[in-house]
Every structure is written in structure tokens, then in C-alpha cells.
Amino acid sequence: MPPKKRQSDAPRRKSRQSDVQRKTSSALHSKSPRHDSDYFIAGDPIPNRGRRRYKPGTVALREIRKYQSGTQLLLRQLPFSRLVREIAESVRPRGEAMRWQSQAIQALQEAAEAFLVHLFEDTNLCAIHAKRVTIMQKDIQLARRIRGVWGGLG
Numbered sequence: 032m033p034p035k036k037r038q039s040d041a042p043r044r045k046s047r048q049s050d051v052q053r054k055t056s057s058a059l060h061s062k063s064p065r066h067d068s069d070y071f072i073a074g075d076p077i078p079n080r081g082r083r084r085y086k087p088g089t090v091a092l093r094e095i096r097k098y099q100s101g102t103q104l105l106l107r108q109l110p111f112s113r114l115v116r117e118i119a120e121s122v123r124p125r126g127e128a129m130r131w132q133s134q135a136i137q138a139l140q141e142a143a144e145a146f147l148v149h150l151f152e153d154t155n156l157c158a159i160h161a162k163r164v165t166i167m168q169k170d171i172q173l174a175r176r177i178r179g180v181w182g183g184l185g
């Protein structure tokens, strides 16, 4: 029995890479670099540069200084008021309406914001203690656990 022939008896080709002519780096960079003066004609208006971009963290530090120096509330009053009314409605029995004085809601908001700011201060200390700058959920849990029942664990 004669040996089997290959399906194609055509001579093998070289790899495609050797067939393709390669460009040299000098051919790629033969054009001279363009200058800004090539794009603008005298008398054209100055192009818009866009908004200034600060380094990461610069704006955050500015905001921290702004909020630490001020005494205004950080949460908007209307959404906080809706939240308080919704929670109070879920606690009260059906049919009993509850009316709120604006000073009562404002006092609740002051207390809630003071609690949250203090909690985040402790949370930040926990993150720094763990040699991190980013706060995580476990930092909040640790801060609340260290505070105990009267510190807001309740």
C-alpha cells in the first residue's frame, strides 16, 4: 500500500510576517512636529482651555476646612423632615396623625448631625489606627462597639 499523500502538495509558504514589509522608525517619524502656531491664524480668538483641574485631594481639603469653620446644617431640611415624619408614622398606630413643630425637627436634625459627625471622627481614627486613609464599614462597627450602649450602639 502506497504512503498517504498530504492534502496539498503545494510547497509550504513562509510565515506572513516575513512577507510583510516593515516600516522603520525613521519612516514613521519623518514629518516634522507640529507647532501651535500652525493651527492658529493671527486675529483668531484665543481657544477655550476649559475648567481648571486641581490635584486629587486639594478640593477635598478645601471642603473640609470650609465645613469645619461653618456652623450651618449639612443635610437639607426638607428631606430630613420627610424622613422623620416617615419614621414617626411607621411607629405610630394607624389613623393617628402626628404634628411637628419646626423647632422639634430642627432639634432632631442638630442632634442627628452631631451624632454622625462624632461617629465619623471616631471612624476616621479607627481607619488611621489600621494604617489606612479610607474608612470602611468595619471602622464604623468598631467605633460603635468601643462607644458602648450610651455611645450610640443601642
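Under our numbering, the first residue of the sequence shown carries the number 32, and numbering increases by one thereafter. We treat Cβ as the ideally placed atom computed from N, Cα and C, and that holds for glycine.
Under the three-state reduction of DSSP output, G182 falls in the helix class. Positions of the beta strand (DSSP E) runs, each at least 3 residues long and wholly inside the segment 131–167, cannot be given because no such run exists. A residue is called buried once 16 or more other Cβ atoms fall within 10 Å of its Cβ, and Q108, having fewer, is exposed. Under the 10 Å beta carbon count, D75 is surrounded by fewer than 16 other beta carbons and is classified as exposed. Excluding five sequence positions before and after D153, the CB atoms of its chain that fall closer than 6 Å to its own CB belong to A174, given in chain order. Rounded to the nearest whole angstrom, the CA to CA distance from G126 to I118 is 15 Å. The residues D170, L173 and A174, in chain order, have a CB closer than 6 Å to that of C157 in the same chain once the five nearest residues on each side in sequence are set aside. Counting only residues of its own chain and dropping the five nearest sequence neighbours on each side, N155 has a CB closer than 7 Å to the CB of I166. The beta carbon of F111 lies closer than 6 Å to those of Q140 in the same chain, with the five residues before and after it left out. Within the segment 68–105, the complete alpha helix (DSSP H) segments at least 4 residues long are 89–100, listed from N- to C-terminus. Between the alpha carbons of V122 and R116 lies a gap of roughly 10 Å.
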